[in-house]
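The next block holds one structure in the form of structure tokens; read it before the comments.
In full-length UniProt numbering, the protein residues as written are 1 to 644.
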């Protein structure tokens with residue numbers, strides 16, 4: 001029988017025969033916290049043998065406990081000679097004892113941990129207390145508590161390795177065990193991705209990325225106002241869902257009402273709140289536009305001065321050379337600049353008498369106000385250009401006794417053709433006006449969200465598709481968000497009335513027009529490959545050449561994750577991807593995965609920060625510019641990665 005002896009902490013040394021040589025600082029800190037929480041008592045005695053020097057002992061088993069006690073001693077929480085209960089063993093058994101403790105010991109199953117944390121909380125322990133007791137963070141405690149409250153049947157499935165950790169964590173957004181089990185049973189085995197589980201449990205919930213939630217200030221603001229939230233504790237971006245959609249819409253409407261009151265005070269006949277509008281919403285309305293009103297000399301001088309101050313301060317902030325009040329100063333300057341710029345456009349009294357405004361939201365959750373809208377029954381604008389002419393430009397017959405020059409349709413066509421020829425040659429010789437004319441024609445196509453009778457003499461029609469409809473997760477696309485921000489920025493500069501656009505373009509300098517030309521032309525880029533789009537092969541090749549010229553780094557805009565890529569291809573394709581990205585040995589790890597969901601998780605981890613991208617999203621180098629050793633390479637051979 002081995003006797004228990006008490007040895008001072010400062011007489012205990014690491015046993016050179018202890019097979020465990022490495023300890024993690026995080027693990028030692030957690031163990032020290034646990035010892036502290038239990039009154040500086042050890043649940044298990046150390047196993048020691050006599051040391052080389054008299055009175056000293058080697059710790060054969062319990063090295064982590066010894067290091068944790070020393071940490072507490074260094075912090076002054078216990079004495080350096082703190083008494084430690086130990087059991088002494090013979091020296092010849094030291095290595096076998098150490099090996100048995102470290103190898104034969106089985107770690108606690110994760111589900112047992114989750115349930116143990118849950119039981120502590122049910123006993124009344126707070127999250128901060130549990131975190132302190134086990135030397136971990138409150139976030140980790142909350143996650144373990146959430147996992148522990150998943151349906152016992154699903155926890156058992158995880159114990160039996162019938163479910164991945166990613167799948168289990170997806171169930172934590174709901175506390176309804178019946179709903180959790182129903183979703184697990186109803187989803188086909190091949191479709192049980194974590195994202196699908198979350199979406200199914202969320203039901204009619206609204207994502208945190210929704211513009212309405214952003215407008216309120218995020219899920220925290222919505223919850224503080226009484227809304228119900230399903231949190232996704234395993235989303236580092238504070239993801240989750242607003243469950244009470246009616247409550248959400250009511251809060252949004254109430255906040256928009258504040259903005260609407262200010263618009264009503266302007267004197268409009270009507271003001272309507274529409275949190276969500278489509279492209280076609282404004283087609284049903286007539287339109288009245290603000291008139292340009294020049295600033296006074298004093299106001300223009302102030303605007304010029306403020307603009308200079310803004311630019312100088314912005315440079316200092318960018319260089320991190322501004323003082324602490326820099327951000328506040330530039331915000332005040334921006335407000336004053338906006339106030340002055342708003343005064344350069346004013347609506348006529350008639351517009352207020354018959355017109356109204358719609359208060360809505362942008363995709364980024366900002367307030368958008370569309371003024372000057374006229375209901376069809378109130379639209380009394382009977383002015384028609386060329387009222388005395390027919391649709392082909394031929395003058396209508398005049399009353400008898402009033403002679404007037406008349407032209408036949410053929411003659412008008414002849415004369416206007418000669419006029420067109422003259423305009424063409426003059427425009428070809430005036431680069432600045434040509435640039436303004438092209439920009440004007442292109443902006444008419446891409447900037448104004450409503451029908452307009454304003455047109456361009458240039459037969460330039462910018463064709464641009466709404467590519468968002470081709471995306472599975474539009475709200476997760478970084479480039480879409482960036483381009484919408486660009487549109488909003490230019491929208492603050494371009495006249496609201498398309499009738500004013502031509503004169504405005506003529507007033508811009510060449511650099512500004514070139515920037516606008518690039519902005520407008522960007523709308524027309526289309527590298528979307530759809531089924532049976534064989535006639536656009538040349539366009540796709542040019543898209544890659546365009547990307548090369550622009551030095552586009554697609555890793556900045558796209559990251560292959562489980563949700564964005566791997567869950568949408570089959571297992572064989574996932575294996576092929578990993579072989580290509582990380583080598584044949586890595587591909588075997590995917591092949592050995594029990595289920596597709598596991599293969600997805602493995603693949604996502606392997607390609608993170610590797611720079612690998614799927615072929616369709618790469619900026620490819622033309623075959624003619626690529627030297628290949630395999631002479632039999634067939635450029636028509638399809639890529640091995642297949643969609644599922």
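C-beta: ideal position from N, C-alpha, C; glycine also.
These numbers were taken from a predicted model, which means no experiment stands behind them.
Backbone CA spacing between residue 186 and residue 289 [nearest angstrom]: Position 186 of the chain shown, counted from the start, is the residue given in the question as residue 186. Position 289 of the chain shown, counted from the start, is the residue given in the question as residue 289. Whole-angstrom Cα-Cα distance: 55 Å.
Assigned secondary structure, residue 519 (DSSP; H/G/I helix, E/B strand, else coil): As a position in the chain shown, residue 519 is number 519, starting the count at 1. Residue 519: helix per DSSP, three-state reduction.
For residue 488, three-class secondary structure by DSSP: As a first step, residue 488 must be located in the chain shown, where it is residue number 488. Of the three classes helix, strand and coil, the one that applies to residue 488 here is helix, per DSSP.
Extent of the continuous alpha helix (DSSP H) run through residue 57: For the purposes of this step, residue 57 is taken as residue 57 along the chain shown, with counting starting at 1. Run containing residue 57: none in the alpha helix (DSSP H); it sits in the beta strand (DSSP E), 57-61.
DSSP-derived helix/strand/coil call for residue 78: One-based indexing of the chain shown puts residue 78 at position 78. Coil, per DSSP.
Cα-Cα separation between residue 17 and residue 111, rounded to whole angstroms: On the chain shown, residue 17 is found 17 positions in, with the first residue counted as 1. On the chain shown, residue 111 is found 111 positions in, with the first residue counted as 1. Rounded to whole angstroms, residue 17 to residue 111 spans 34 Å at the Cα level.
Residue nearest to residue 37 in terms of C-alpha spacing, selected from 51, 573, 72 and 59: Against the chain shown, residue 37 aligns to sequence position 37. Answer by Cα proximity: 72.
Which of helix, strand or coil DSSP assigns to residue 270: As a working mapping, residue 270 is identified with position 270 in the chain shown. It is a strand residue.
Euclidean distance between Cα positions of residue 505 and residue 560: Numbered from its first residue, the chain shown carries residue 505 at position 505. Numbered from its first residue, the chain shown carries residue 560 at position 560. Going from the Cα of residue 505 to the Cα of residue 560 covers about 42 Å.
Beta-ladder partner(s) of residue 13, from DSSP: Here residue 13 corresponds to residue number 13 of the chain shown, with the count starting at 1. Answer is 58, bridged to residue 13.
Run of the beta strand (DSSP E) containing residue 50, from where it starts to where it stops: Here residue 50 is taken as the residue at index 50 of the chain shown, counted from 1. In the DSSP assignment, residue 50 falls within the beta strand (DSSP E) that extends over 46-50.
Where residue 354 sits in the DSSP three-state scheme: In the chain shown, residue 354 corresponds to position 354, counting from 1. Residue 354 falls in the helix class under three-state DSSP.
Validate contact between the region 363-370 and the region 332-346 using beta carbons, cut 8 Å, 3 pairs: Touching, no, given that fewer than three Cβ pairs across the two stretches are closer than 8 Å.
The region 489-502 in contact with the region 286-302 per 3-pair CB rule at 8 Å: yes
Complete runs of the beta strand (DSSP E) confined to the region 565-628 [at least 3 residues]: none
Limits of the unbroken alpha helix (DSSP H) element including residue 652: Residue 652 lies beyond the stretch modelled for the chain, which goes from 1 to 644, so this question has no answer here.
Contact set for residue 35: own chain, Cβ-Cβ below 8 Å, skip 5 residues either direction: Here residue 35 refers to the residue found at position 35 when the chain shown is read from its first residue. So the qualifying residues of the chain are 41, 42, 65, 68, 69 and 72.
Residue 241: first and last residue of the uninterrupted beta strand (DSSP E) it sits in: As a working note, residue 241 is residue 241 in the chain shown. Segment 240-242, the beta strand (DSSP E) holding residue 241.
Cβ contact check for the region 481-492 and the region 407-423: 3 or more pairs under 8 Å: No: the two stretches stay apart, fewer than three of their Cβ pairs being nearer than 8 Å.
Nearest neighbour of residue 217, chosen from 90, 252 and 196 [CA to CA]: Position 217 of the chain shown, counting from 1, holds the residue named residue 217. The shortest Cα separation from residue 217 among 90, 252 and 196 belongs to 252.
Within the region 122-160, ranges of the alpha helix (DSSP H) (whole runs, at least 4 residues): 127-134, 138-148 and 152-159
Residue 477, enclosing alpha helix (DSSP H) - first and last residue: The residue given as residue 477 occupies position 477 in the chain shown. Note, residue 477: premise wrong, no alpha helix (DSSP H); not H, not E.
Inside the region 397-443 only - alpha helix (DSSP H) runs reaching at least 4 residues: 409-428
Cβ pair residue 273, residue 248 closer than 7 Å: For the purposes of this step, residue 273 is taken as residue 273 along the chain shown, with counting starting at 1. For the purposes of this step, residue 248 is taken as residue 248 along the chain shown, with counting starting at 1. Their beta carbons are not under 7 Å apart, which means residue 273 does not touch residue 248 by this criterion.
7 Å CB neighbourhood of residue 593 in its chain, flanking five on each side removed: Locating residue 593 in the chain shown gives position 593, where the first residue counts as 1. Closer than 7 Å at Cβ, skipping near neighbours: 599 and 602.
Residue closest to residue 11, alpha-carbon to alpha-carbon, out of 521, 81, 549 and 447: One-based indexing of the chain shown puts residue 11 at position 11. Considering only alpha carbons, the answer is 81.
Per-residue burial, residue 346 [other beta carbons within 10 Å of its own, 16 or more giving buried]: Sequence index remark: in the chain shown, residue 346 carries index 346 (1-based). Result: exposed.
Residue 281 in three-state terms, based on DSSP: By 1-based counting over the chain shown, the position of residue 281 is 281. Note: residue 281 maps to helix in three-state DSSP.
Given 8 Å, three or more beta-carbon pairs between the region 296-311 and the region 347-362: no
Whole-angstrom distance between residue 595 and residue 587, CA atom to CA atom: Taking the chain shown and counting its residues from 1, the one referred to as residue 587 is at position 587. Taking the chain shown and counting its residues from 1, the one referred to as residue 595 is at position 595. Their backbone Cα atoms lie some 15 Å apart in a straight line.
Stretch-stretch touch, CB-based, cutoff 8 Å, three pairs: the region 507-514 with the region 301-317: no
Close-in-space but distant-in-sequence residues of the same chain around residue 442 (CB under 6 Å, 5 per side omitted): Your numbering for residue 442 matches position 442 in the chain shown. The residues are 462 and 520.
Distance, residue 581 Cα to residue 605 Cα: Reading the chain shown from its first residue, position 605 is the one you call residue 605. Reading the chain shown from its first residue, position 581 is the one you call residue 581. So the two alpha carbons sit approximately 12 Å from each other.
Inter-residue CB distance, residue 174 and residue 118 (contact presumed, cutoff 8 Å): Translated into positions along the chain shown, residue 174 becomes position 174. Translated into positions along the chain shown, residue 118 becomes position 118. Residue 174 to residue 118, Cβ: 16 Å. No contact.
Cβ neighbour criterion (16 or more within 10 Å) applied to residue 419: Within the chain shown, residue 419 is the residue found at index 419, counting from 1. Residue 419 should be labelled exposed.
Pairwise C-alpha distance: residue 427 and residue 433: Here the question's residue 433 lines up with position 433 in the chain shown. Here the question's residue 427 lines up with position 427 in the chain shown. Distance between the alpha carbons of residue 433 and residue 427 is about 7 Å.
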